[in-house]
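Inspection log for the structure reproduced underneath, given as structure tokens.
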């Protein structure tokens with residue numbers, strides 16, 4: 101069969117697939133009813149009762165703790181609905197506004213800390229391989245193709261054997277890992293080698309259980325790539341493999357705007373009460389909508405602020421929501437650099453990281469199935485002196501047995517600054533993918549964590 105002619109990919113070729121379509125494509129068979137009910141109920145109260153009844157019959161109701169799981173989940177949905185949360189985007193700025201507004205409504209005075217950084221704002225990203233659209237996403241920091249795509253042959257790149265074969269062509273490389281989160285040294289070396297071999301552009305296949313595109317965090321030290329580089333998901337492996345084997349025409353488009361001084365805003369809320377402080381921080385930014393990656397941390401952050409604002413005594417509280425997480429933790433570093441809190445002033449620092457309350461999954465003959473319990477691959481990391489009270493408060497919660505001596509993400513900066521701290525973080529099944537939606541978490545997972553956190557913070561004097 102004669103290969104169809106390559107054409108310029110458009111927004112219609114590579115649309116942002118709906119959440120429902122993305123989840124269906126993963127074979128997840130997920131419960132979309134709850135999110136639909138909560139959103140529809142705001143507009144059409146007459147339908148709310150019927151759908152809420154269906155929702156309640158499908159869920160374990162939890163509302164006995166100091167912070168309601170239902171209220172936490174509503175905040176997860178609100179966060180998700182704002183949009184894709186990349187640092188400095190309109191959605192990120194709206195997220196800062198929303199968090200500040202929620203803090204003020206709770207009685208917590210809040211302000212912004214602004215910082216600037218170089219950012220890329222993509223407008224059109226996609227691949228057409230042999231006439232078939234392939235969903236793609238830039239690898240940061242991107243070099244754009246401009247409005248005219250690169251049209252060439254796709255060649256599998258092997259730096260040991262066929263480096264010269266990719267000259268002037270589009271190189272296909274593979275990022276092999278069970279859990280992809282941050283760009284590794286090996287991946288940097290692979291992309292750099294393909295660029296040095298004079299590839300016109302590079303396509304990186306991110307291999308994962310879900311088949312989704314997995315976006316990768318980078319540090320500010322990573323310079324702009326010399327050629328356009330995009331990420332694709334393993335679900336499209338068959339299309340790209342066929343393009344390589346049959347030498348089909350491939351078109352790659354990565355268009356957008358560079359902004360050397362993009363602005364993002366941390367949100368800082370303060371409850372002044374006594375000389376001692378408890379600090380609560382969480383990242384607010386991420387590559388996509390980040391429902392179960394960032395959503396639980398943001399929801400718990402707001403829930404704890406509302407709880408703390410009602411206390412009549414005890415230490416003061418400082419709440420810090422940071423942007424720039426996916427770019428080397430720019431926001432938390434800006435905060436630590438500008439507001440150096442005295443270590444003796446801080447009773448404890450709680451950091452609410454990624455994937456705090458995401459459902460576990462299992463593989464079945466008919467595909468992946470979501471379980472009712474939390475993913476146990478969570479980590480509760482702490483200063484040694486906090487281990488006894490954390491062990492008691494989090495007893496029985498999967499993966500939340502506290503450990504000392506390790507840290508990940510922004511908690512590393514907090515520990516390095518010398519603060520007495522603890523934090524939770526994980527990489528759940530849909531971590532850093534476009535399919536990370538509210539169905540990946542739920543009230544029954546959020547409330548036990550909130551109850552344990554209230555117990556720990558309430559014991560701090």
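In the working numbering, the protein residues as written are 101 to 561. Quick reminder that beta carbons are idealized off the backbone N, C-alpha and C, glycines included.
| message | Along the chain, where does the beta strand (DSSP E) containing residue 522 start, and where does it finish? | response | 521-525
| query | What first and last residue would you give for the alpha helix (DSSP H) that runs through residue 435? | reply | 430-438
| said: With distance defined between alpha-carbon atoms, name the residue in 265, 491 and 275 nearest to residue 299. | reply: 265
| task | Examine the Cβ distances between the stretch 363-379 and the stretch 190-198 and report whether three or more of them are shorter than 8 angstroms. | result | yes
| request: Can you tell me the Cβ-Cβ gap for residue 176 and residue 395, rounded? I've got them flagged as a contact below 8 angstroms. | output: 4 angstroms
| query | If we count the other Cβ atoms within 10 Å of its Cβ and call it buried at 16 or more, is residue 565 buried or exposed? | reply | Not covered by the structure: residue 565. The range shown for the chain is 101 to 561.
| Using 8 angstroms as the threshold, is the stretch 332-342 in touch with the stretch 381-396, meaning 3 or more CB pairs across them? | no
| message | For residue 544 and residue 468, I'd like the C-alpha separation in whole angstroms. | response | 21 angstroms
| query | Hey, residue 579 and residue 510: beta-carbon distance below 9 angstroms or not? | reply | There is no way to answer for residue 579, as the model of the chain reaches only from 101 to 561.
| Outcome for residue 595 when other beta-carbon atoms lying within 10 angstroms are tallied against a minimum of 16 | The requested residue 595 does not occur in the structure, where the chain is confined to residues 101 to 561.
| query | Three or more C-beta pairs closer than 8 angstroms, one from the stretch 408-418 and one from the stretch 493-511: is that the case here? | reply | no
| At a cut of 8 angstroms, does the stretch 219-227 reach the stretch 348-355 through at least three beta carbon pairs? | yes
| When the Cα atoms are used, what is the spatial distance from residue 43 to residue 388? | An answer regarding residue 43 cannot be provided, because it is not within the stretch 101 to 561 covered by the chain.
| message | Quick check on the DSSP output: the beta strand (DSSP E) that includes residue 306 runs from which residue to which? | response | 301-306
| field | C-alpha distance - residue 371 paired with residue 306, whole-angstrom precision | value | 44 angstroms
| task | Starting from the C-beta of residue 254, find all residues in its chain whose C-beta is less than 6 angstroms away, skip the five residues before and the five after it, and write them out in chain order. | result | 270, 272, 343, 344 and 350
| field | Residue environment, residue 157, which counts as buried when at least 16 other CB atoms sit within 10 Å | value | Only weak support is given to the placement of residue 157: the predicted model assigns it a pLDDT of 38, under 50, and the value that follows is read from those uncertain coordinates. Exposed, by the Cβ-count rule.
| request: Could you round the C-beta distance between residue 327 and residue 295 to whole angstroms and report it? I think they count as a contact, below 8 angstroms. | output: 5 angstroms
| task | Reducing DSSP to helix, strand and coil, say where residue 372 ends up. | result | coil
| query | Hey, residue 520 and residue 485 are a contact pair by Cβ (cut 8 angstroms); roughly how many whole angstroms apart? | reply | 7 angstroms
| field | Separation of residue 531 from residue 409, as counted between CA atoms | value | 32 angstroms
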